[in-house]
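A.B. asks: Protein chains in written order, with our numbering: chain E, 1 to 117; chain U, 1 to 113.
(1) Can the beta-carbon of residue 94 (chain E) be found closer than 8 Å to that of residue 6 (chain E)?
(2) Under the assumption that residue 65 (chain U) contacts residue 56 (chain U) (Cβ atoms under 8 Å), give the Cβ distance between them as a whole number of angstroms.
(3) By the criterion of Cβ-Cβ separation under 8 Å, what are the contact partners of residue 104 (chain E) in chain U?
(4) At least one CB of chain E closer than 8 Å to the CB of residue 1 (chain U): is that the case?
(5) If residue 91 (chain U) and residue 103 (chain U) are in contact, beta carbons under 8 Å, what's the gap, nearest whole angstrom?
(6) Inspect the CB distances between the segment 25-37 of chain U and the segment 81-98 of chain E and report whether three or more fall short of 8 Å.
(7) With a cut-off of 8 Å on the beta carbons, I'd call residue 111 (chain U) and residue 80 (chain U) a contact; round off their distance for me.
(8) Does the beta-carbon of residue 26 (chain E) have 16 or more other beta-carbons within 10 angstroms, so that it is buried, or is it exposed?
(9) Please report the distance separating the alpha-carbon of residue 49 (chain U) from that of residue 20 (chain U).
(10) Does residue 110 (chain E) have its Cβ less than 8 Å from a Cβ in chain U?
(11) Can you give the Cα-Cα distance for residue 30 (chain E) and residue 75 (chain E), rounded to whole angstroms?
(12) Tell me the DSSP secondary structure of residue 36 (chain U) in three-state form.
(13) Could you tell me which chain E residues have their CB closer than 9 Å to the CB of residue 105 (chain U), listed as they occur along the chain?
(14) Just curious, the beta strand (DSSP E) that residue 17 (chain U) is in, first and last residue?
(15) Show which residues of chain E have a CB atom less than 7 Å away from the CB atom of residue 42 (chain U).
(16) I'd like the span of the beta strand (DSSP E) that includes residue 45 (chain E), first residue to last.
(17) For the candidate residues U:41, U:24, U:7 and U:3, whose alpha-carbon lies nearest to that of residue 109 (chain E)?
(18) Closer than 8 Å, Cβ to Cβ, to anything on chain U: give me those residues from the segment 70-90 of chain E, in chain order.
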């Protein structure tokens, strides 16, 4: 149980275009989803926390107008990278937390590799 | 503030060697502690966790004990295998910040046959 999927697993886009990444909890309801960014050989950097039906909370230094997050249902959150640039190339990972207290465990998706050319 | 510090890698061991990856944390209050493993090109998998002092998390031969007095959560395995080669992340869960996970920098483990 507790499976989180991401789609696509990898994507290549041209500079200036937008790309959407989906994160789904397949067998549980997730009131909260988290979006992380990971550079090669580095740790995960939390970008934002999204709660179902409300606006996402972005971490300091993350541009909310560039990284649009939508959490429209209890099983789906999306991250849209708008007007992508080569420096946005990275590994994006989402996680989802079950419909319980704050201390609930997070389950991670397999990640999406974004390359902007 | 809240932070997690891991020993730097890469760590290279021979098969069947003993593994220790050190992890210490700073936190206000008593966080839950986790070890995650990341295989190349994949997301994170929960390896083990502990929610209070003196708890021992264990899974697949890996163990870690929540030591409040030393604010540590060191990962150990008695006999590593080639298939254990991966990056290991220590993390703490901060309850009063919406349940965010604070990650250490990760430790790459390479096990040679």
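The beta-carbon is built from N, C-alpha and C at its ideal position, and this holds for glycine as well.
C.D. replies: This is what the structure holds:
(1) Here residue 94 (chain E) is taken as the residue at index 94 of the first chain, counted from 1. Here residue 6 (chain E) is taken as the residue at index 6 of the first chain, counted from 1. Going by C-beta atoms, residue 94 (chain E) is nearer than 8 Å to residue 6 (chain E).
(2) Taking the second chain and counting its residues from 1, the one referred to as residue 65 (chain U) is at position 65. Taking the second chain and counting its residues from 1, the one referred to as residue 56 (chain U) is at position 56. About 5 Å; that satisfies the 8 Å criterion.
(3) Taking the first residue of the first chain as 1, we reach residue 104 (chain E) at position 104. Correct list: 99.
(4) Here residue 1 (chain U) is taken as the residue at index 1 of the second chain, counted from 1. It does not; no Cβ of chain E falls within 8 Å.
(5) Here residue 91 (chain U) refers to the residue found at position 91 when the second chain is read from its first residue. Here residue 103 (chain U) refers to the residue found at position 103 when the second chain is read from its first residue. Confirmed, about 5 Å.
(6) no
(7) The count along the second chain starts at 1 and reaches residue 111 (chain U) at position 111. The count along the second chain starts at 1 and reaches residue 80 (chain U) at position 80. The Cβ separation is near 5 Å, so the contact holds.
(8) For the purposes of this step, residue 26 (chain E) is identified with residue 26 of the first chain, where counting begins at 1. Burial call: exposed.
(9) By one-based count along the second chain, residue 49 (chain U) stands at place 49. By one-based count along the second chain, residue 20 (chain U) stands at place 20. Those two C-alpha atoms are separated by around 16 Å.
(10) Locating residue 110 (chain E) in the first chain gives position 110, counting from the first residue. Yes, because at least one Cβ of chain U sits closer than 8 Å to the Cβ of residue 110 (chain E).
(11) Here the question's residue 30 (chain E) lines up with position 30 in the first chain. Here the question's residue 75 (chain E) lines up with position 75 in the first chain. About 6 Å.
(12) Here residue 36 (chain U) refers to the residue found at position 36 when the second chain is read from its first residue. Note: residue 36 (chain U) maps to strand in three-state DSSP.
(13) One-based indexing of the second chain puts residue 105 (chain U) at position 105. Chain E residues near residue 105 (chain U): 42 and 43.
(14) The residue you call residue 17 (chain U) lines up with position 17 of the second chain. Here residue 17 (chain U) belongs to no beta strand (DSSP E), and DSSP marks it neither H nor E.
(15) Counted from its first residue, the second chain places residue 42 (chain U) at position 42. Near residue 42 (chain U) (Cβ distances below 7 Å), the residues of chain E are 110 and 111.
(16) Residue numbering aside, residue 45 (chain E) sits at position 45 when the first chain is read from its first letter. Counting along the chain, the beta strand (DSSP E) containing residue 45 (chain E) begins and ends at 44-51.
(17) As a working mapping, residue 109 (chain E) is identified with position 109 in the first chain. Measuring from the Cα of residue 109 (chain E), the nearest candidate turns out to be U:41.
(18) none
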